[in-house]
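In our numbering, each residue carries its 1-based index in the sequence shown increased by 1184. Glycine residues also receive a C-beta, built at the ideal position from the N, C-alpha and C atoms. Since the structure is predicted, the reported quantities are computational estimates derived from the model, not experimental observations. Data block below; observations after.
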Amino acid sequence: MSITNLEPKTIWQHFDAINAIPRASTKEEEITQFMIAFGKSLNLETTVDDIGNVIINKPGTKGKENNRTVVLQGHTDMVHQKEPNSNFNFDTQGIKMFVDGDWVKAKETTLGADNGIGVAAIMAVLSSNDLEHPPIEALFTVDEEMGMTGAMALTKKQLKGSFLLNLDSEEDDMITIGCAGGVDVMIDGSYDTELLDAKKYSLFQIKLSGLTGGHSGVEIHLNQANGIIVLAECLDDLFSKTGCRLHSVNVGTLTNVIPRNGWAIVAVEKDKRDVFSQAFAAIAEKLKNKYHATDADLKLEFSKTESTTAVLDVQTQNQLVKAILVTPNGVYSMTEGIADLVQTSNNIAILHIGEGRFHAACHTRSSVDSERDELAGKIKDCFSFAEVKEVGPYPGWEPRPNSELLSLTMKCYEELNGEIPIVKSIHAGLECGILSGTYPNMQMVSFGPNIFGAHSPEERLQISSTQKFWKLLTKLLKQLE
């Protein structure tokens, strides 16, 4: 079944259209031009700023022309992740979607429901001729996933709305009113290489695959295996038991993704091949048992490979692995007085080592700026031998539990579903944190359909939940004054 035949058809048709367009963070040129053309095709006032944010204005429907303006907001970029053996090209191909029962999924890649389904819903409102709504400013931001630079670039004069509906949440029974801020911690350095005697050493690639991965904010509390930590544990054990030398490492691509797979290349003395094989089998089994509850498909394997025998100096290889193992990863603290809400966390997201250079990156999140800075400081201490800097800090979103908009959203939800929605802050970052600073008088809430496995190839979007989300959005627009 094609997703364009799902109900409500207008949302799914728009979702299908934008998912045909490559739209990685910082590579939104094509989707930006598509959104400009879309607005103009509807004869609506359409503007684009220097960074690529698109704003489409639609007047209120009859009787609502003079109501307060509502901003409908979503981001056009998506996280690009694929299965290790996939040859999918995100730069040239559109997402290959399919229907599986009550779910829409993608073949071998992320689906892009984060935040494509929110964007599609806004497009459905703009293209509708029969929905009641107040004046609308539809805001489509760029680069939310990598740095929120689109939201950061907005000026106070660009939006005039009184309300903002952010359509970038992922649980359909929840209204979000707050979120964590964050910062990327970048670690860089160099090392001296040592050229080993190729006659005495063999090179082996250690390959890690099968981890669950996922969103480094929404799913950080699940204690899933982190690919960098797993490989570091493996390497640390092999260094001590076999004396093998580190050649290179490649794990992770984006700071907001829990790394799922990767590889390392090590040089092993040829007369220690059996010792290495036995030690590897033991540590692989140990790690599989350690993470079996969260990552049952974890797989570690090694195979002979060909490369130069230029390896890291012993001091640097040990420093790097030890630093990774002592760096705080996962939940750092929980929020007092609010059940199950992470306050501060860190995700070790990227590790690239080779050819005399190393680069690592973490994403540190917190709803408390001072604790975010404290954790970033601890990461710096762990990598005291490297250059460490903080990049792209963004603020959290302070909850306003008594706002008029929240009360109306809750009322609409209860009337539609016969139950009171969950109202809470989340540990993920939302652009509302930045937008609430630029537009302090604008009331904001965030909601959306059920999306599971975001930022991983397991991402899936629930069809019935999307219908529930659409009903809430259209009812709320009808009642806003």
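Neighbourhood of Gln1265 by C-beta distance below 8 Å, restricted to the same chain and skipping five residues each side: For the purposes of this step, residue 1265 is taken as the residue at position 81 of the sequence shown. Thr1293, Thr1294, Gly1397, Thr1437, Leu1438, Val1441, Arg1444, His1639, Ser1640, Pro1641.
Would you call Glu1212 buried or exposed, if buried means 16 or more other Cβ atoms sit within 10 Å of its Cβ? In the sequence shown, residue 1212 corresponds to position 28, counting from 1. Buried, because 16 or more other Cβ atoms sit within 10 Å of the Cβ of Glu1212.
What does the Cβ neighbour count give for Arg1556, buried or exposed, with the cut at 16 atoms within 10 Å? Within the sequence shown, the letter at position 372 stands for residue 1556. Buried, because 16 or more other Cβ atoms sit within 10 Å of the Cβ of Arg1556.
With burial defined as no fewer than 16 other Cβ atoms inside 10 Å of the residue's Cβ, what is the status of Pro1579: buried or exposed? Here the question's residue 1579 lines up with position 395 in the sequence shown. Pro1579 should be labelled buried.
Return the chain-ordered list of same chain residues with a C-beta closer than 6 Å to the C-beta of Thr1377, the five sequence neighbours on each side being excluded. Translated into positions along the sequence shown, residue 1377 becomes position 193. Here the set comprises Ala1494, Gly1540.
Using DSSP with H/G/I as helix, E/B as strand and the rest coil, what is Glu1213? Counted from its first residue, the sequence shown places residue 1213 at position 29. Of the three classes helix, strand and coil, the one that applies to Glu1213 here is helix, per DSSP.
With respect to the beta strand (DSSP E) encompassing Glu1329, which residues constitute its N-terminal and C-terminal limits? As a first step, residue 1329 must be located in the sequence shown, where it is residue number 145. Premise fails: Glu1329 is in no beta strand (DSSP E) and is neither H nor E.
Can you tell me the Cα-Cα spacing of Phe1198 and Ala1297, whole angstroms? As a working mapping, residue 1198 is identified with position 14 in the sequence shown. As a working mapping, residue 1297 is identified with position 113 in the sequence shown. Sequence check: residue 1198 is His here, not Phe. Rounded to the nearest angstrom, the two C-alpha atoms are 12 Å apart.
Between the segment 1622-1633 and the segment 1581-1601, can you find at least three pairs of beta-carbon atoms closer than 8 Å? yes
Report the rounded CA-to-CA distance for Phe1388 versus Met1370, giving the unit in angstroms. Position 204 of the sequence shown, counted from the first residue, corresponds to residue 1388. Position 186 of the sequence shown, counted from the first residue, corresponds to residue 1370. About 28 Å.
Please classify Pro1624 as buried or exposed, where buried requires at least 16 neighbouring CB atoms within 10 angstroms. By 1-based counting over the sequence shown, the position of residue 1624 is 440. Result: exposed.
DSSP bridge partner residues for Met1370 (one or two, in chain order): One-based indexing of the sequence shown puts residue 1370 at position 186. Met1370 pairs with Ala1545, Lys1573.
For the beta strand (DSSP E) that Glu1643 lies in, which residues bound it at each end? As a first step, residue 1643 must be located in the sequence shown, where it is residue number 459. Where Glu1643 is concerned, there is no enclosing beta strand (DSSP E), given that its DSSP letter is neither H nor E.
Suppose only complete runs of 4+ residues qualify. What are the alpha helix (DSSP H) ranges in the segment 1247-1323, listed by chain order? 1297-1311
Which of the three DSSP states is assigned to Met1358 in this structure? By 1-based counting over the sequence shown, the position of residue 1358 is 174. It is a strand residue.
Met1626 (DSSP reduced to helix, strand or coil): Start at 1 with the first residue of the sequence shown, and residue 1626 comes out as number 442. Here Met1626 sits in coil by DSSP.
The beta strand (DSSP E) with Glu1229 in it runs from where to where? One-based indexing of the sequence shown puts residue 1229 at position 45. Run containing Glu1229: 1229-1232, per the beta strand (DSSP E) assignment.
Anticipated Cβ contact below 8 Å, Ile1220 with Val1326, distance rounded: Numbered from 1 along the sequence shown, position 36 holds the residue referred to as residue 1220. Numbered from 1 along the sequence shown, position 142 holds the residue referred to as residue 1326. Actually they are not in contact, since the Cβ atoms of Ile1220 and Val1326 sit about 12 Å apart, beyond 8 Å.
Could you pull out every residue in the same chain whose Cβ sits closer than 8 Å to the Cβ of Ile1647, ignoring the five residues on either side in sequence? Position 463 of the sequence shown, counting from 1, holds the residue named residue 1647. Closer than 8 Å at the Cβ level, and outside the excluded window around Ile1647, lie Leu1190, Val1283, Asp1286, Trp1287, Val1288.
Continuous alpha helix (DSSP H) stretch holding Asn1203: start and end: Taking the sequence shown and counting its residues from 1, one reaches residue 1203 at position 19. Its alpha helix (DSSP H) spans residues 1193-1203.
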